[in-house]
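Novice:
There are 2 protein chains.
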Amino acid sequence: MSAEIHRRANNFRWNGVDVLPYKEDQRALFKGVTRQVLFRDPEQESELRYFEVAPGGFSTLERHHHTHSVLILRGRGRCLVGREVRQLDTNDLVAVPPMTWHQFRATEREPLGFLCMVNSTRDRPQLPSAEDLAALEADATVAAFLRGEAGR
Amino acid sequence: MSAEIHRRANNFRWNGVDVLPYKEDQRALFKGVTRQVLFRDPEQESELRYFEVAPGGFSTLERHHHTHSVLILRGRGRCLVGREVRQLDTNDLVAVPPMTWHQFRATEREPLGFLCMVNSTRDRPQLPSAEDLAALEADATVAAFLRGEAGR
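Sequence order for the protein chains is A and B. Numbering-wise (my numbering), the first sequence opens with residue 1 and increments by one. Numbering-wise (my numbering), the second sequence opens with residue 153 and increments by one.
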């Protein structure tokens, strides 16, 4: 049986798993994010990926029809889901509903690493227009989050 | 937006997530295992569950057509996949191929907790017949694992 039945972890890197750029889409704004595909298998209808956001970094603000099922595997941080800003701790769960703006941010002190389960067949993310951003920034809490201010 | 976008973790229990019996099947042999369904959503084609095996406990020895994608979330232990016995550490990955006998065992010292991604639509597990067990036990390493001996 192939060695792939068991892949060892070593400080949030895995044997036989490449550390990839977060995005291929050059238009997407993000900072300090890597991607590792832990499980992608024709027998499975979903994929499990690990994203790591460096201290001070953030994922792309985006939305799409497919949903995200997230578990924080490493560290602490914050997320925006819709108009909700939440403080996240290790092992917390985040569910991103369809067509809901979302972003993950690490603190300045440590990386934020999270698992994300998605359907293998899924739509491409949409980026916010200037109007979408203005609508989000009309909420003071959301605006502070998007500026990277720690907030409560 | 509902509070379900964010569920806090507290020592491997989650807000709003029930701690369930591992199995409904009364015939299945196991010891000291609980189940928590972290994500089960009609929008998602897979589920993410958390299983916790108490010190000295073990999951059912079984096989099925569907595959398991496993990440060790807590502690250390061992697994059998096919004829392979592997030592597992936190964050290690285990892929269980179709129709492959598998079992997870905690050590005597600490719980073993793992995430398991599966297709939402899947076949029921099969339990080993006496002949299946005899075939497995013909391998000395597998036999020692099934007896709960620590092995190397």
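Built from N, CA and C at the ideal position, the CB exists for glycine as well. Since this is a predicted model, take the numbers as computed values, not measurements.
For a quick check, are the C-beta atoms of Leu20/A and Arg35/A less than 7 Å apart?
Specialist: The answer is yes: Cβ separation under 7 Å.
Novice: Would Glu45/A pass as an interface residue toward chain B - the criterion being a Cβ-Cβ separation below 7 Å?
Specialist: Yes, contact with chain B.
Novice: Using only the alpha-carbon positions, how far apart do Arg226/B and Glu262/B sit?
Specialist: Those two C-alpha atoms are separated by around 9 Å.
Novice: I'd like to check one pair, Tyr202/B with Leu267/B: are the Cβ atoms closer than 7 Å?
Specialist: Cβ distance < 7 Å, so Leu267/B and Tyr202/B count as in contact.
Novice: Find the residues of chain A that neighbour Thr219/B, judging by a C-beta separation of less than 8 Å, and give them in chain order.
Specialist: Asp41, Glu43, Gln44, listed in chain order.
Novice: One question on the structure: do Ala106/A and Gly77/A come within less than 7 Å of each other, judged by their Cβ atoms?
Specialist: It is a contact, given that the beta carbons lie within the stated cut-off.
Novice: Within the chosen definition, does the stretch 239-247 of chain B reach the stretch 269-280 of chain B through at least 3 CB pairs nearer than 8 Å?
Specialist: Touching, no.
Novice: Would you please verify whether the beta carbon of Arg238/B is less than 7 Å from any beta carbon of chain A?
Specialist: Chain A contact via Cβ: present.
Novice: According to DSSP, is Phe297/B part of a helix, a strand, or is it coil?
Specialist: Note: Phe297/B maps to helix in three-state DSSP.
Novice: Please decide whether His158/B counts as near chain A, where near means a Cβ-Cβ distance under 7 Å.
Specialist: Yes, His158/B lies at the interface with chain A (some Cβ there is under 7 Å from its Cβ).
Novice: Can you give me the start and stop residues for the alpha helix (DSSP H) that Glu204/B sits inside?
Specialist: Where Glu204/B is concerned, there is no enclosing alpha helix (DSSP H), although the beta strand (DSSP E) it sits in stretches over 198-210.
Novice: If you draw a straight line from the C-alpha of Ala180/B to the C-alpha of Glu197/B, how long is it?
Specialist: About 26 Å.
Novice: In chain B, what lies closer than 9 Å to Thr107/A by C-beta?
Specialist: Within chain B, no residue comes near Thr107/A; the closest Cβ sits about 17 Å away, beyond 9 Å.
Novice: Quickly, what does DSSP pair Leu71/A with across the bridge? List them, please.
Specialist: The partner list for Leu71/A (beta bridge, DSSP) reads Leu93/A, Leu115/A.
Novice: Among Lys31/A, Val33/A, Leu38/A, which residue has its Cα nearest to the Cα of Arg7/A?
Specialist: It is Leu38/A whose Cα lies nearest to the Cα of Arg7/A.
Novice: Output yes or no for whether 7 Å exceeds the beta carbon distance between Leu245/B and Leu223/B.
Specialist: The answer is yes: Cβ separation under 7 Å.
Novice: I'd like the span of the alpha helix (DSSP H) that includes Leu136/A, first residue to last.
Specialist: First-last of the alpha helix (DSSP H) with Leu136/A: 130-137.
Novice: Shortest alpha-carbon distance to Asn15/A belongs to which of Glu4/A, Tyr22/A, Lys23/A?
Specialist: With distances taken between Cα atoms, Asn15/A lies closest to Glu4/A.
Novice: Just the Cα atoms here: how many angstroms apart are Asp170/B and Leu61/A?
Specialist: About 32 Å.
Novice: For Cys79/A and Phe58/A, what's the separation of their Cα atoms in angstroms?
Specialist: Rounded to whole angstroms, Cys79/A to Phe58/A spans 9 Å at the Cα level.
Novice: Let's test the definition: count the other Cβ atoms within 10 Å of the Cβ of Ala290/B and tell me whether it reaches 16, buried, or not, exposed.
Specialist: Per the 10 Å Cβ criterion, exposed.
Novice: Which residue's Cα is closest to the Cα of Phe12/A: Gly113/A, Tyr22/A, Arg83/A, Lys23/A?
Specialist: Taking only the C-alpha atoms, the option nearest Phe12/A is Gly113/A.
Novice: Against chain A, does Val205/B count as a neighbour if the rule is that its beta carbon must be under 7 Å from one of theirs?
Specialist: Val205/B does not count as touching chain A.
Novice: DSSP on Glu335/B, reduced to helix/strand/coil?
Specialist: Residue 335/B cannot be examined here, being either before or after the span of chain B that is shown, 153 to 304.
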